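In this note's numbering, the protein residues as written are 474 to 708. We put the beta carbon where it would ideally sit given N, CA and C, even for glycine. In this text the structure is predicted, and so the values were computed from the model without any measurement. Heads up: the structure comes next, in structure tokens.
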Amino acid sequence: MTRFVIEDAFWELFPNARIGIVVCKNIDNKIVDENQYQALLLDAEKEVPRHLPDPDFSKNDVIRVWREALQKFKTKKGARSSIEALLKRVDNGNHIGTINPLVDIYNSVSLRYALPCGGEDIDTFVGDIRLTRAAGGEDFITLGSDESAPPYEGEVVYKDDAGAICRCWNWRESVRTMLTENTKNAFLCIELVDESRIEALNDALNDLAEAVQKNLGGIYTISVLDIENKEIEIM
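As structure tokens, then:
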């Protein structure tokens with residue numbers, strides 16, 4: 474049995490957060506038609522302007538709430554939430570490239586709802602996965618690097634028994650657990666710190682799950698974790 478557990482160290486910082494989880498099993502993540510997913514992303518990019526009504530990028534609510542969240546713990550210099558990185562790229566006139574179907578699908582949902590989305594390959598986990606604060610020193614190797622860059626002590630991370638999986642909450646992920654074309658069982662998450670957008674979170678989770686099943690097959694379950702519901706079984 475593999476569990477996802479959100480530890481009290483996280484809730485002490487973010488008591489009102491919600492973490493939405495979609496567990497997808499027995500999917501086929503191989504790229505069949507790259508153009509299909511490029512079209513999906515291009516369509517989602519059209520939603521970006523409505524999330525950024527203020528011409529001052531940093532003053533938009535979907536950006537501000539995450540900058541404030543990342544200020545509550547020590548982060549790598551220049552670290553930004555995954556949703557800020559996506560929105561900034563599109564706002565600057567650049568397109569989001571395709572990676573593989575699962576990543577393209579969750580990036581499209583992230584853009585549509587202006588919520589951070591991420592995903593990992595469940596079959597690569599070592600023990601339970603936890604959203605918590607780092608002890609400091611956990612092994613962490615990100616894409617494009619062959620050297621470990623451990624999180625700071627107290628940094629919010631996803632981790633398992635082998636090391637950190639995602640640093641600065643949703644900034645950078647480990648190459649060890651990333652989604653690939655060979656992924657069969659996936660752990661997908663959507664994160665919320667703005668309580669006024671719970672309905673958007675629920676809609677995004679449903680859209681994400683349905684898009685994965687429609688395109689990649691398999692079965693899914695949806696869960697939303699909060700301070701009263703801190704763990705689920707994922708495998």
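DSSP bridge partner residues for Ala659 (one or two, in chain order): Cys497 and Asp594
Backbone secondary structure at Ala637 - three-state DSSP: strand
Which residues DSSP lists as bridging Val576, in chain order: None; Val576 has no bridge partner.
Contact under 8 angstroms by Cβ, Arg603 with Glu706: no
For Gly636 and Phe660, believed in contact at Cβ under 8 angstroms, the rounded distance: Phe660 to Gly636, Cβ: 16 angstroms. No contact.
Closer than 7 angstroms: Leu515 CB and nearest the ligand PLP heavy atom: This structure lacks the ligand PLP; in fact it carries no ligand of any kind.
Endpoints, the alpha helix (DSSP H) within which Ser696 is located: Not the alpha helix (DSSP H): Ser696 falls in the beta strand (DSSP E), residues Ile692 to Leu698.
Residues bridged to Val629 [DSSP beta-bridge criterion]: Arg606
Ala517 versus Arg585 - alpha carbon distance: 5 angstroms
Alpha carbon of Arg581 to alpha carbon of Glu557, nearest angstrom: The sequence shown places Ser at residue 581, not Arg. Taking the straight line joining both Cα atoms gives about 14 angstroms.
Closest Cα partner of Pro589 within the set Leu513, Ala673, Pro528 and Gly566: Ala673
Sheet register partners of Ile479 (DSSP bridge): Leu604
For Asn533, the three-state DSSP class (helix, strand or coil): coil
Short Cβ contact (8 angstroms threshold) for Ile595 with Met708: yes
Alpha-carbon spacing of Gly610 relative to Trp642, whole angstroms: 16 angstroms
Ile614 - containing alpha helix (DSSP H), residue span: Neither: Ile614 is in no alpha helix (DSSP H) and is coded neither H nor E.
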